[in-house]
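Asker: Handing you a structure now.
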Amino acid sequence: MCGIAGIVDFSGAPIDRNRLFGMTQALAHRGPDGEGFEIDDTPGRASVGFGHRRLSVIDLATGSQPLTNEDGSVSVVFNGEIYNFRELRARLVGLGHHFRTKSDTEVLVHGYEAFGPELVERLDGMFAFALWDRNRERLLLARDPVGKKPVYYVHKGERLWFASEPKGLAPFVKLEADLSSLPTYLVLGSVPGERTAFRDVRKLPPGHVAVLDRAGFVTRRYWELPTSRRDARRERLDLDQLSTLVRASVEKRLISDVPLGALLSGGVDSSLVVSTMRELNDEVHTFSVGLADAGFDESPYAQKVARTLGTVHHELHVTPHVAQVFERMVELFDEPFADSSALPTFLVSEFARKHVTVVLTGDGGDELFAGYPRLSLVARLERVPPSVARLAARLARVVGASAEPRTQRARLVRQAERSAMPLPRRLLSMISVFREDEVEELWAGPERSDAPVTFRAIDERTRGSPLDRALALSFHTYLPDDLLTKVDRASMAVGLEARSPLLDKALIEHAFALEDAAKIEGSKTKVALHQLLARGVQLGGRRVAIPSSILERPKQGFGLPLGRWFREELAPLAKEVTLSSEGPLARILKPSALARVYTEHERGARDAGHQLWGLLVLDRWLRKYGGPS
């Protein structure tokens, strides 16, 4: 893993060395093992400057970047891992290319020489890279199909700046809040898609490649889910086939020249990954977090899995000064980011980095195999006849006015209202921090959230069952914009590389081709992965069974006791941002609606813990990057 940054200037102006060094230095946490630069501002040509911060994982001796081909006409800076680099290397050697290193990075320059921009379609891995073709004066930016690795950019006139994180752009570009993005943040807890929370800053979407030359700047999608294809086939569950895919995915992610371990929560996904690792290795180091609040503490489950599999288990008991760690979270993410699980993710990453440089995670199982109960609910509500749904929604509006927010009656009212919604809006209502109507009550400006437009556009290019559509929506929004962003920033902040075997491209395509019954069966979720883990693990010539308490435990998120915290230790912070007329939130949100979020939480009328966290994040972000004066 690494940090990349650079500038391309078709005006031919000299590259400002100090600013390029500043871009790269801002990303030092992503690559603590070294840095490299390449600058070409020969008069009469486009000027190019590349910077790189390196986290050494493969080919420790000769894998430095930027890396060029033999004559220096093709240069690359790369963040990530290419898992099929050995196969690509053999193919390219057969085509006459000569390699000087053993790193996966070098397949990019020679692969580009052989295949052009279509190289990205041959890559299996997680990546974001920038490649400069000096002869054609062409820049190529690419991002992996899922969005595990980020790349941000600003394109103005004849210049384009890029970096792994927005802070890497700051030496050249002033980072200013784009207030029009914030209603969407209030709904989703992040700014999705190509937009960011900064004016003029964009991010390359997952599965896209961008080309910049003197003719202009063009982006195109090079990979899409099977559910977006007209010829998509449906397959029955074959556990042997699924087992083979999972094993191959884990095995390729064990390639490393540095110590490697796994994050273990004791849930089905991480337990499956660690089980497979143990079948392939005698010694596996696992890491988990223990919380004092029993309702949020997964450590007993992680301990049980670790004992069963015989891992070398490391456990961190978290009793942090929440306010202090929180301030660091805002710094790490650059943009406002409302997922509070970023905090324990950062803490366990920091803990694991003391022992290993690479960890495998269980991320992706829920998005591929329908692990979230809301996904099956979204699909079931789609089967309600429209006339019944409309009647239920009308009754809900009458009954809902008198329903207390936290009662069973209120929950039934919400489901009745959702039954009449189009599927994209229904899912949006289930994952939102603030509902759209709540944002309208809060927001003082004319802007509106564009989350419904984003969700509708994704749904329109998705085919298949209601469950397929719900999964695709989650895959294209929550996965890259929340889950993977969280893992990337939290792990790279401490120089830890996180790999996600369940988000292997072949496994993704297989999962989305499976029929619904392989994912949802009555009230059971993630059917295929449960059945696969229930087979047990082959260790030392004997079959070891996974405890039923692991297989049968309900879905538990990696969360924090925010409701209690905002009534106790974080109450002063909550009051500061919601009840004060002096802070930045009071200038963009309606004071009465803002105050009501906290007062209703304080008296127990609603659990607004997640919403208060999102508001606290936004307050601190606006203080740094500027709100309205």
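If you're matching positions, the sequence shown starts at -1 in this note's numbering and goes up one per residue.
C-beta atoms are modelled at their ideal positions from N, C-alpha and C, and glycine is treated no differently.
For HIS312, name the three-state secondary structure that DSSP assigns.
Answerer: Within the sequence shown, the letter at position 314 stands for residue 312. Strand, per DSSP.
Asker: Within the same chain, show all residues whose beta-carbon is closer than 7 Å to that of SER241, passing over the 5 residues directly before and after it, in chain order.
Answerer: Position 243 of the sequence shown, counting from 1, holds the residue named residue 241. For SER241, where only same-chain residues beyond five positions count, the Cβ hits under 7 Å are LEU530.
Asker: GLU283 and HIS315: beta carbons closer than 9 Å?
Answerer: As a first step, residue 283 is located in the sequence shown; it is residue number 285 there, counting from the start. As a first step, residue 315 is located in the sequence shown; it is residue number 317 there, counting from the start. Reading the sequence as shown, one finds His at residue 283 and not Glu. Taking 9 Å as the Cβ cut-off, HIS283 and HIS315 do not qualify as a contacting pair.
Asker: By how many angstroms is the C-alpha of LYS484 removed from the C-alpha of ARG141?
Answerer: Working through the sequence shown from its first residue, we reach residue 141 at position 143. Working through the sequence shown from its first residue, we reach residue 484 at position 486. Between ARG141 and LYS484, the C-alpha separation is close to 17 Å.
Asker: Note down, in chain order, each residue of its chain lying with its Cβ closer than 6 Å to the Cβ of LEU137, except the 5 sequence neighbours on either side.
Answerer: On the sequence shown, residue 137 is found 139 positions in, with the first residue counted as 1. So the qualifying residues of the chain are VAL6, TRP130, LEU210.
Asker: Any idea what DSSP makes of PHE510, helix, strand or coil?
Answerer: On the sequence shown, residue 510 is found 512 positions in, with the first residue counted as 1. PHE510 falls in the helix class under three-state DSSP.
Asker: Pick from ARG28, SER45, ARG89, SER254: whose alpha carbon is nearest that of PRO12?
Answerer: Along the sequence shown, read from residue 1 onward, the residue named residue 12 stands at position 14. Measuring from the Cα of PRO12, the nearest candidate turns out to be SER45.
Asker: Touch check for the region 329 to 345 and the region 173 to 191: three-plus C-beta pairs under 8 Å?
Answerer: The answer is yes - the region 173 to 191 touches the region 329 to 345, with three or more Cβ pairs under 8 Å.
Asker: Do VAL271 and THR355 have their beta-carbon atoms positioned less than 9 Å apart in this structure?
Answerer: Position 357 of the sequence shown, counted from the first residue, corresponds to residue 355. Position 273 of the sequence shown, counted from the first residue, corresponds to residue 271. It is not a contact, given that the beta carbons lie outside the stated cut-off.
Asker: Do you know how far the Cα of LEU501 is from the Cα of GLY362?
Answerer: Counting from 1 along the sequence shown, the entry for residue 362 is found at position 364. Counting from 1 along the sequence shown, the entry for residue 501 is found at position 503. So the alpha carbons of these two residues sit roughly 5 Å apart.
Asker: Ignore the nearest five residues each way along the sequence and tell me which others in LEU537's own chain have a CB closer than 8 Å to its CB.
Answerer: On the sequence shown, residue 537 is found 539 positions in, with the first residue counted as 1. Within the same chain, LEU537 has close Cβ partners ARG276, GLU277, LEU307, GLY308.
Asker: Buried or exposed, going by whether 16 or more other CB atoms sit within 10 Å of the CB of ASN16?
Answerer: Within the sequence shown, numbered from 1, the residue matching residue 16 stands at position 18. ASN16 comes out exposed.
Asker: Which runs of the alpha helix (DSSP H), 4 residues or longer, sit entirely within the region 464 to 542?
Answerer: Listed in chain order, they are 464 to 474, 482 to 490, 503 to 511, 525 to 532.
Asker: Nearest to LEU341 by alpha carbon, out of SER472, ALA208, LEU481?
Answerer: Taking the sequence shown and counting its residues from 1, the one referred to as residue 341 is at position 343. Of SER472, ALA208, LEU481, the residue nearest in Cα terms is LEU481.
Asker: Kindly list the residues whose CB is nearer than 6 Å to the CB of LEU610, restricted to its own chain and excluding five residues on each side of it in sequence; keep chain order.
Answerer: Along the sequence shown, one-based indexing puts residue 610 at 612. Around LEU610: PHE564, ALA572.
Asker: Pairing CB atoms from the region 417 to 437 with CB atoms from the region 451 to 462, are three or more of them under 8 Å?
Answerer: As far as the Cβ criterion goes, the region 417 to 437 touches the region 451 to 462, which means the pair count is three or higher.
Asker: Which same chain residues end up closer than 6 Å to THR475 when comparing Cβ atoms and leaving out the 5 residues on each side of it in sequence?
Answerer: Reading the sequence shown from its first residue, position 477 is the one you call residue 475. Closer than 6 Å at Cβ, skipping near neighbours: PRO190.
Asker: Determine the contact status of LEU620 and ALA168, defining contact as a CB-CB distance below 9 Å.
Answerer: Taking the sequence shown and counting its residues from 1, one reaches residue 620 at position 622. Taking the sequence shown and counting its residues from 1, one reaches residue 168 at position 170. No; because the gap between Cβ atoms is not below 9 Å, this pair is not in contact.
Asker: Could you please give the first and the last residue of the uninterrupted beta strand (DSSP E) stretch that includes THR701?
Answerer: Nothing about residue 701 can be reported from this structure: the residues present for the chain run from -1 to 627 only.
Asker: If you compare alpha carbons, which of GLN63, ASP39, SER521 is closest to LEU375?
Answerer: Mapped onto the sequence shown, residue 375 falls at position 377. When each option's Cα is compared against that of LEU375, the closest is SER521.
Asker: Within the region 329 to 382, note down every full alpha helix (DSSP H) run reaching 4 residues or more, in order along the chain.
Answerer: Fully enclosed alpha helix (DSSP H) runs of 4 or longer: 340 to 350, 363 to 367, 371 to 379.
Asker: Report back the beta-carbon spacing between ASP514 and LEU558 to the nearest angstrom; my notes put them in contact at under 8 Å.
Answerer: Indexing the sequence shown from 1 puts residue 514 at position 516. Indexing the sequence shown from 1 puts residue 558 at position 560. The pair is not a contact, with the Cβ atoms about 33 Å apart (cut-off 8 Å).
Asker: In terms of DSSP beta bridges, what is THR66 paired with?
Answerer: Looking up residue 66 in the sequence shown gives position 68. For THR66, which the question treats as bridged, DSSP gives the partners SER73.
Asker: Would you report the Cα separation of ALA161 and ALA543, rounded to the nearest angstrom?
Answerer: For the purposes of this step, residue 161 is taken as residue 163 along the sequence shown, with counting starting at 1. For the purposes of this step, residue 543 is taken as residue 545 along the sequence shown, with counting starting at 1. Going by the C-alpha atoms only, they are around 46 Å apart.
Asker: Helix, strand or coil for ARG28? Go by DSSP, reduced to three states.
Answerer: Within the sequence shown, the letter at position 30 stands for residue 28. Looking at ARG28 - three-state DSSP - the assignment turns out to be helix.
Asker: Which same chain residues end up closer than 8 Å to ARG533 when comparing Cβ atoms and leaving out the 5 residues on each side of it in sequence?
Answerer: Counting from one through the sequence shown, the residue named residue 533 turns up at place 535. Cβ within range, chain order: LEU237, SER241.
Asker: Starting from SER45, trace the beta strand (DSSP E) both ways and give me its first and last residue.
Answerer: Here the question's residue 45 lines up with position 47 in the sequence shown. From DSSP, the beta strand (DSSP E) with SER45 extends over 45 to 52.
Asker: To which residues of the same chain is MET367 closer than 7 Å at the C-beta, ignoring the five residues directly before and after it?
Answerer: Stepping through the sequence shown from its first residue, residue 367 is reached at position 369. Inspection of the sequence shows that residue 367 is occupied by Phe rather than by Met. Result list for PHE367: ALA509, LYS517, LYS524, ALA526, LEU527, in chain order.
Asker: DSSP three-state call for HIS599: helix, strand or coil?
Answerer: Residue mapping note: residue 599 aligns to position 601 of the sequence shown, counting from 1. HIS599 falls in the helix class under three-state DSSP.
Asker: Nearest to PRO30 by CA position, among GLY10, THR217, PHE8, ILE2, is which residue?
Answerer: The residue labelled residue 30 in the question sits at position 32 within the sequence shown. Per the Cα distances, ILE2.
Asker: Quick one: what's got a C-beta closer than 8 Å to LYS154's C-beta in the same chain, skipping five residues either side?
Answerer: Walking along the sequence shown from the start, residue 154 turns up at place 156. So the qualifying residues of the chain are ASP198.
Asker: Find out if the Cβ-Cβ distance for the pair PHE127, GLY78 is shorter than 9 Å.
Answerer: Stepping through the sequence shown from its first residue, residue 127 is reached at position 129. Stepping through the sequence shown from its first residue, residue 78 is reached at position 80. Cβ atoms of PHE127 and GLY78: closer than 9 Å.
Asker: Locate the beta strand (DSSP E) running through ARG136, then write down its first and last residues.
Answerer: The count along the sequence shown starts at 1 and reaches residue 136 at position 138. Where ARG136 is concerned, the enclosing beta strand (DSSP E) stretches over 136 to 141.
Asker: May I have the straight-line CA-CA distance separating VAL492 from VAL346, to the nearest angstrom?
Answerer: Along the sequence shown, one-based indexing puts residue 492 at 494. Along the sequence shown, one-based indexing puts residue 346 at 348. So the alpha carbons of these two residues sit roughly 10 Å apart.
Asker: Determine the extent of the alpha helix (DSSP H) in which GLY1 is found, giving its start and end residues.
Answerer: Indexing the sequence shown from 1 puts residue 1 at position 3. Segment 0 to 7 is the beta strand (DSSP E) holding GLY1; no alpha helix (DSSP H) there.
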